[in-house]
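Going down the list, the protein sequences come from chains A and B. So for the first sequence, the numbering used here puts the first residue at 689; every next one is plus one. So for the second sequence, the numbering used here puts the first residue at 354; every next one is plus one.
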Amino acid sequence: AQRVTQPEKLLSVFKGAPVELKCNYSYSGSPELFWYVQYSRQRLQLLLRHISRESIKGFTADLNKGETSFHLKKPFAQEEDSAMYYCANTGGSYIPTFGRGTSLIVHP
Amino acid sequence: DTGVSQNPRHKITKRGQNVTFRCDPISEHNRLYWYRQTLGQGPEFLTYFQNEAQLEKSRLLSDRFSAERPKGSFSTLEIQRTEQGDSAMYLCASSHPRQDNEQFFGPGTRLTVL
């Protein structure tokens, strides 16, 4: 069965510090990976996807097939980045498998 | 179009009662998904529709759960004989293949079974 692992339940940093939210996946085929974000009192929404290779709100994520990882990075965290972040893999189907999420807290 | 909507937003029921939730997807989104989310977990897939056809159901979806999407637009999720373990947030999402399978989520329905 597919698995998406986010090892950190909570990540706490100070404003301006670099941030890396880890995501590892297990899937034998071609993965299709996403990061979703949920800000306080808002619905879950897409942040970025690996196929578009774009930077959204300063965040980037690179697919590393050798390490089966898709870590989310930002060089300088902002307070408004505080949220729950979920990694998901749709690879091979239309049904995503989500990780358990990482809560990012950015302190002023 | 204001996005995916779900009703009710909150539901409190007694064990053994039946409950029904509704999801209205974004217009023209042919795919509709139901998820369950409990505290400290990510969304867990329950079932998926393409138009009116229910194409996949998770093993999480016991016989007490049924979902429909009769006209390929809105969907309902019914839970019969609710149990305390059914307490969770039930999320609906829709997607369209032209949007690279991006899921658009509703606000969820929080179910509490007493």
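Glycine is no exception: its CB is placed at the ideal position from the N, C-alpha and C atoms. From a predicted model like this one, the values you see are computed outputs, not experimental measurements.
Item to check | Within chain A, partners of ASN404/B - CB distance below 7 Å | outcome: For the purposes of this step, residue 404/B is taken as residue 51 along the second sequence, with counting starting at 1. Simply none; closest approach about 13 Å.
Checklist entry - Can you tell me where the beta strand (DSSP E) with LEU735/A in it begins and where it stops? => result As a position in the first sequence, residue 735/A is number 47, starting the count at 1. Note, LEU735/A: beta strand (DSSP E), 733-737.
Item to check | Near-chain A residues of the region 370-394 of chain B - C-beta to any C-beta below 9 Å | outcome: So the close ones are ARG384, TYR386, TYR388, GLN390, GLY393 and GLN394.
Item to check | Interface flag, TYR401/B vs chain A, CB-CB below 7 Å | outcome: Counting from 1 along the second sequence, the entry for residue 401/B is found at position 48. Proximity of TYR401/B to chain A, defined by a Cβ-Cβ separation below 7 Å, is satisfied.
Next on the checklist: I need the DSSP call for GLN407/B, collapsed to helix, strand or coil.
Outcome noted: Indexing the second sequence from 1 puts residue 407/B at position 54. In the structure shown, GLN407/B sits in a strand (DSSP, three-state: E or B).
Next on the checklist: For chain A, check one thing: does any of its Cβ atoms lie closer than 7 Å to the Cβ of ASN360/B?
Outcome noted: What you label residue 360/B is simply residue 7 of the second sequence in a count that begins at 1. Not one chain A Cβ lies under 7 Å of ASN360/B.
Checklist entry - Is the region 759-772 of chain A touching the region 366-374 of chain B in the sense that three or more CB pairs, one from each, lie closer than 8 Å? => result Three or more beta-carbon pairs separated by less than 8 Å are not found between the region 366-374 of chain B and the region 759-772 of chain A, which leaves the two stretches without contact.
Checklist entry - Is PHE427/B near LEU444/B, with beta carbons less than 7 Å apart? => result As a working mapping, residue 427/B is identified with position 74 in the second sequence. As a working mapping, residue 444/B is identified with position 91 in the second sequence. In this structure, LEU444/B does not lie closer than 7 Å to PHE427/B by Cβ.
Next on the checklist: Given this structure, state the Cα-to-Cα distance separating SER757/A from CYS711/A, to the nearest angstrom.
Outcome noted: The residue given as residue 757/A occupies position 69 in the first sequence. The residue given as residue 711/A occupies position 23 in the first sequence. Approximately 6 Å, taken between the alpha carbons.
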